[in-house]
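*Asks:* If you count the sequence shown from 1, position 94 lands on 94 in the UniProt record's numbering, and the numbers rise without skipping.
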Amino acid sequence: MKMNVFRKYKFVWIGLFIIVFIGVFLVGRLAMSNKKTIFGDTNLAIGVMEYSDVNSYSCKYSYLNGSKTKRIYVKDNEEISIKYSSVVKEVDLKLLLISPSGKEIKNLLEDKSGNFKYKAKEGGTYLIKAVGFKTKGQFNLEWHTN
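1) Rounding to the nearest angstrom, what Cα-Cα distance links F116 and E79 in this structure?
2) Could you check if K134 is buried or exposed, using at least 16 other CB atoms within 10 Å of its CB as the buried criterion?
3) Would you say the stretch 87-102 touches the stretch 121-130, given that touching needs at least three Cβ pairs under 8 Å?
4) Between the stretch 56-67 and the stretch 102-110, can you find at least three pairs of beta-carbon atoms closer than 8 Å?
5) Which partner residues does D92 have in the DSSP bridge list?
6) How about K89 and G137: are their beta carbons less than 8 Å apart?
7) Helix, strand or coil, according to DSSP, for K35 in the structure here?
8) So, N77 versus K112, is the Cβ gap smaller than 8 Å?
9) What would DSSP say about K10, mapped onto helix, strand or coil?
10) Could you compute how far the alpha carbon of R71 sits from the alpha carbon of V48?
11) Count the other CB atoms within 10 Å of the CB of F139; is the residue buried (16 or more) or exposed (fewer)?
12) Would you report the Cα separation of T125 and N55, rounded to the nearest angstrom?
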């Protein structure tokens with residue numbers, strides 16, 4: 001009697017199995033892929049709490065293997081002032097300031113917190129890029145341009 005239910009609806013069961021299999025596959029691919037967020041590229045981030053506005057960005061994460069990027073537009077000879085802090089519980093995190101030409105200007109996390117000032121030699125979009133390799137922790141950024 002019980003087997004008749006499976007035989008009678010075998011195409012429904014096969015269809016359901018295929019749908020579940022495809023769903024699991026797609027979720028797995030999304031988790032492992034290079035997905036884009038409004039903050040930039042992320043390889044894999046788990047347990048992330050982010051806050052961002054025009055002049056600040058905060059991120060707390062349970063696991064980060066990849067990068068988070070924030071873009072700042074700066075005019076020629078304008079000064080960028082960045083206040084930063086971080087708490088890294090596992091492995092390593094870098095907070096990089098990158099010029100519009102792609103040149104790394106400074107790794108802000110030579111110290112766990114501080115202020116950094118930089119006079120822009122070229123106008124354009126500067127990047128603040130948080131790069132982590134299997135890391136756990138948090139960071140806070142606040143910047144102003146003059």
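Idealized CB from N, CA, C, for every residue including glycine.
*Replies:* Reading it off the structure:
1) As a position in the sequence shown, residue 116 is number 116, starting the count at 1. As a position in the sequence shown, residue 79 is number 79, starting the count at 1. Rounded to whole angstroms, F116 to E79 spans 10 Å at the Cα level.
2) In the sequence shown, counting from the first residue as 1, residue 134 sits at position 134. Label assigned to K134: exposed.
3) yes
4) no
5) The residue given as residue 92 occupies position 92 in the sequence shown. In the DSSP output, where bridge partners are listed per residue, D92 has F133.
6) To locate residue 89, count along the sequence shown from 1; it is residue 89. To locate residue 137, count along the sequence shown from 1; it is residue 137. Contact: yes.
7) Here residue 35 corresponds to residue number 35 of the sequence shown, with the count starting at 1. Because the pLDDT at K35 is just 49, under 50, the model does not fix this residue reliably, and the value given afterwards should be weighed accordingly. K35 falls in the strand class under three-state DSSP.
8) The sequence position of residue 77 within the sequence shown is 77, counting from 1. The sequence position of residue 112 within the sequence shown is 112, counting from 1. No; because the gap between Cβ atoms is not below 8 Å, this pair is not in contact.
9) The residue given as residue 10 occupies position 10 in the sequence shown. Here K10 sits in helix by DSSP.
10) Within the sequence shown, residue 71 is the residue found at index 71, counting from 1. Within the sequence shown, residue 48 is the residue found at index 48, counting from 1. Answer to the nearest angstrom: the Cα atoms are 19 Å apart.
11) Against the sequence shown, residue 139 aligns to sequence position 139. The residue is buried, with at least 16 neighbouring Cβ atoms inside 10 Å.
12) On the sequence shown, position 125 is the one that residue 125 refers to. On the sequence shown, position 55 is the one that residue 55 refers to. Cα to Cα, the separation comes out at about 14 Å.
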